[in-house]
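Okay, so here's the structure we're looking at.
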Amino acid sequence: MQIIRDIAMLHRAVTALKQGGKSVALVPTMGALHDGHLSLVHMARRVADHAVVSIFVNPTQFGPNEDFAAYPRDEARDAALLVDAGTSLLWAPDVGTMYPGGHSTHIEVAELGADYCGAARPGHFDGVATVVAKLFNQVRPDIAIFGEKDWQQLAIIRRLARDLDFGIDILGAPIARDTDGLALSSRNAYLSGAQRAAAAAFPAALSMAAKAIAGGADVGETLAKAEAAIIRGGFDSVDYVALADADSLERLTAFRKPARLLAAARIGRTRLIDNWPVE
Ligand code: PAF
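Numbering (our numbering), first residue to last: 3 to 281.
Listed below in structure tokens is the structure:
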């Protein structure tokens, strides 16, 4: 696996990978890789000839009081996992390469970015959209793969790729979950033993609520019950539990397909997100 940190070298290396009509799938990450990320790499290898992974802890998607400095970083460990997973190239730029002095262009996917995590984390999705657009231009993949765990991010990136004519197929990969149902996340590493045990209440509440709504229960009451169950389970606060149109992300007060429960909750200083299909 090649590890590249310079944009001109990246262009040369990707051109070489694409020789003979070979395809490239990009898996953008912020590192601290877990089995969820590796499932994206395995998917990349199934759908394309080469898997390219980026690791970049993107400062512009963290708010001033968020965990940018504390975000776990271990490139050597991540690189070893990527070699085992059959990655062809690791793109690992530093902040100065990604945002050279005077960088002043930003992308906002206005309609999809305002609610849910966008409301709780102002500017977050502008940072995501901007860095993902840059990664697309830098790597120029045929396909890009994102986890469904951040459903709102995936919807924003699909819209971004369509609106700006990137000509890249955006694929969503199913959420990888631990045996107790908790979605795998780099931020799970922040949880104490007791918090980690309690965190299983989050997906359990969403799964119950999804079943109830699909079975005809009142949406408002069911969402309120889910919030209460999450707090009872040991969380300190709930940012939102909402029923949304799975594509447009419009908030729904009555069930209609395709629908998705979207949620974010805080346990101690850790903010977890999750989502659940309502079918
Ligand atoms: O989901 C993530 O890890 C990040 O938001 C992404 C897509 C790599 C952009 O920094």
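C-beta: ideal position from N, C-alpha, C; glycine also.
Q: Indicate, with yes or no, if the ligand PAF has a heavy atom lying under 7 Å from the CB of proline 30.
A: Translated into positions along the sequence shown, residue 30 becomes position 28. For the ligand PAF, at least one heavy atom lies less than 7 Å from the Cβ of proline 30.
Q. Where does the unbroken beta strand (DSSP E) through proline 30 begin, and where does it stop?
A. On the sequence shown, position 28 is the one that residue 30 refers to. Element bounds for proline 30: 26–31.
Q: Could you spell out the range, first to last residue, of the alpha helix (DSSP H) harbouring alanine 206?
A: Within the sequence shown, residue 206 is the residue found at index 204, counting from 1. Alanine 206 -> alpha helix (DSSP H) spans 203–216.
Q. Of the choices Arg160, Gly129, Gly183 and Gly38, whose alpha-carbon is the least far from that of aspartate 172?
A. Residue numbering aside, residue 172 sits at position 170 when the sequence shown is read from its first letter. The amino acid at residue 172 is misidentified as aspartate; the sequence shows isoleucine. Taking only the C-alpha atoms, the option nearest isoleucine 172 is Arg160.
Q) With distances taken from CA atoms, which of Leu42, Ala175, Glu229 and Ala256 is nearest alanine 216? A) Within the sequence shown, numbered from 1, the residue matching residue 216 stands at position 214. Ranking Leu42, Ala175, Glu229 and Ala256 by Cα distance to alanine 216 puts Ala256 first.
Q.
Runs of 4 residues minimum, wholly inside the region 73–147: which ones carry the alpha helix (DSSP H) assignment?
A. 77–86, 97–100, 112–115, 119–122 and 126–141
Q: Throw me the rounded Cβ distance for the proline 30 and leucine 137 pair, which I believe falls under 8 Å.
A: In the sequence shown, residue 30 corresponds to position 28, counting from 1. In the sequence shown, residue 137 corresponds to position 135, counting from 1. Yes, proline 30 and leucine 137 are in contact; Cβ-Cβ is about 5 Å, under 8 Å.
Q: Ignore the nearest five residues each way along the sequence and tell me which others in methionine 45's own chain have a CB closer than 6 Å to its CB.
A: Taking the first residue of the sequence shown as 1, we reach residue 45 at position 43. Contacts found: Ile147 and Ala175.
Q. Relative to the C-alpha of serine 187, which residue among Ala261, Glu150, Gly222 and Ala248 is closest?
A. Here residue 187 refers to the residue found at position 185 of the sequence shown. With distances taken between Cα atoms, serine 187 lies closest to Glu150.
**Q.** Through-space distance from valine 55 to alanine 244, alpha-carbon basis
**A.** The residue you call residue 244 lines up with position 242 of the sequence shown. The residue you call residue 55 lines up with position 53 of the sequence shown. Straight-line Cα distance between these residues: approximately 32 Å.
Q. How about aspartate 144 and serine 25: do their beta carbons lie closer than 8 Å?
A. Taking the first residue of the sequence shown as 1, we reach residue 144 at position 142. Taking the first residue of the sequence shown as 1, we reach residue 25 at position 23. Contact flag set, yes.
**Q.** Proximal residues to valine 43 (C-beta, below 8 Å), its chain only, five neighbours per side dropped
**A.** To locate residue 43, count along the sequence shown from 1; it is residue 41. The answer, listed in chain order, is Val29, Ala53, Val55, Leu84, Ala87, Gly88 and Thr89.
Q: Following the continuous beta strand (DSSP E) through threonine 272, name the residue where it begins and the one where it ends.
A: What you label residue 272 is simply residue 270 of the sequence shown in a count that begins at 1. Where threonine 272 is concerned, the enclosing beta strand (DSSP E) stretches over 272–280.
Q: Sort out for me which residues DSSP pairs leucine 173 with in a bridge.
A: Translated into positions along the sequence shown, residue 173 becomes position 171. Note: leucine 173 is bridge-paired with Ile147 in the DSSP secondary-structure output.
**Q.** Minimum C-alpha distance to aspartate 249 - residue among Gln4, Val280, Ala266 and Arg47
**A.** Taking the sequence shown and counting its residues from 1, one reaches residue 249 at position 247. Aspartate 249 has its Cα closest to that of Val280, out of Gln4, Val280, Ala266 and Arg47.
Q | DSSP-derived helix/strand/coil call for arginine 253 | A | Residue 253 sits at position 251 when you count from the first residue of the sequence shown. Per DSSP, reduced to three states, the secondary structure at arginine 253 is strand.
Q. Where does valine 16 sit, in a helix, a strand or coil, going by DSSP?
A. In the sequence shown, residue 16 corresponds to position 14, counting from 1. Looking at valine 16 - three-state DSSP - the assignment turns out to be helix.
Q) In three-state DSSP terms, what is threonine 247? A) Start at 1 with the first residue of the sequence shown, and residue 247 comes out as number 245. Correcting the residue type first, residue 247 is aspartate in the shown sequence and not threonine. It is a strand residue.
Q.
Taking 6 Å as the limit between beta carbons, can you name the residues of its chain near histidine 108, skipping five residues before and five after?
A. One-based indexing of the sequence shown puts residue 108 at position 106. Closer than 6 Å at the Cβ level, and outside the excluded window around histidine 108, lie Asp128 and Thr132.
Q. Can you pull the DSSP bridge partners for tyrosine 242?
A. Counting from one through the sequence shown, the residue named residue 242 turns up at place 240. DSSP links tyrosine 242 through a beta bridge to Ala266.
Q | Residue range of the beta strand (DSSP E) that includes valine 59 | A | If you number the sequence shown from 1, residue 59 lands on position 57. Where valine 59 is concerned, there is no enclosing beta strand (DSSP E), given that its DSSP letter is neither H nor E.
**Q.** asparagine 277 burial status per 10 Å Cβ neighbour count (16 or more: buried)
**A.** Working through the sequence shown from its first residue, we reach residue 277 at position 275. Flag for asparagine 277 reads buried.
Q) Using the C-alpha atoms, what's the distance from isoleucine 177 back to isoleucine 170? A) The sequence position of residue 170 within the sequence shown is 168, counting from 1. The sequence position of residue 177 within the sequence shown is 175, counting from 1. Each residue's Cα considered, the two are about 22 Å apart.
Q. What are the residues that DSSP puts in a beta bridge with histidine 52?
A. To locate residue 52, count along the sequence shown from 1; it is residue 50. In DSSP, histidine 52 forms a bridge with Val26.
Q) Exposed or buried, what is methionine 100 when buried is set at 16 or more other beta-carbons lying within 10 Å of its beta-carbon? A) For this step, residue 100 is matched to residue 98 along the sequence shown. So methionine 100 ends up on the buried side.
Q: In angstroms with no decimal places, state the Cα-to-Cα distance between isoleucine 57 and tyrosine 242.
A: Counting from one through the sequence shown, the residue named residue 57 turns up at place 55. Counting from one through the sequence shown, the residue named residue 242 turns up at place 240. Approximately 29 Å, taken between the alpha carbons.
Q) CB-CB under 6 Å to glycine 2, same chain, minus the five flanking residues each way: which ones, in chain order? A) Residue 2 lies beyond the residue range present for the chain, which begins at 3 and ends at 281; the question has no answer from this structure.
(Q) Measuring only from the beta carbon, is valine 280 closer than 7 Å to any heavy atom that is part of the ligand PAF? (A) To locate residue 280, count along the sequence shown from 1; it is residue 278. No - the ligand PAF has no heavy atom lying nearer than 7 Å to the Cβ of valine 280.
(Q) Out of Arg189, Pro260 and Ile9, which one is the CA nearest neighbour of alanine 266? (A) Indexing the sequence shown from 1 puts residue 266 at position 264. Checking every option, the nearest Cα to that of alanine 266 belongs to Arg189.
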